[in-house]
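Colleague: Position one of the sequence shown corresponds to residue 1 (our numbering), numbered consecutively onward.
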Amino acid sequence: MRTLEYVALVLIGIGILGIIGWAASAFFTDPAIHLGFRVLAGIAAVGFVLLLGYVSVDRIQKARKEPKEIKEVKH
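1. Does the distance from the CB of F28 to the CB of R38 come in under 8 angstroms?
2. Which two residues bound the contiguous alpha helix (DSSP H) that contains I16?
3. Looking at the structure shown, is V46 part of a helix, part of a strand, or coil, going by DSSP?
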C-alpha cells in the first residue's frame, strides 16, 4: 500500500472512532437508560474489542508464517 492509502485509512479510522466515542458517551451518560443495561452494554463492547484484537493478531501471525509463493499442485 502507498503512503496516501495509509493516511486515508488512519483518517477514516479516527473519524469512525470519534463517532463511536460520541455515541458511547451519550449512551453511557443518559440517566433514562437503566444502569444495569449500560453495564451489560459496556461488558459486551469490551468483549467485542478483545475478540477483534485476538482475531487480528492471529491473522497477522498466520500471514507471516505462510510462504511468499504458493506452490501449484501438479495433476
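Backbone N, C-alpha and C fix where the C-beta goes; we use that ideal spot for every residue, glycine too.
The model shown is predicted, which means the values in this text are computed figures rather than measured ones.
Modeller: In brief:
1. yes
2. T3 to F28
3. helix
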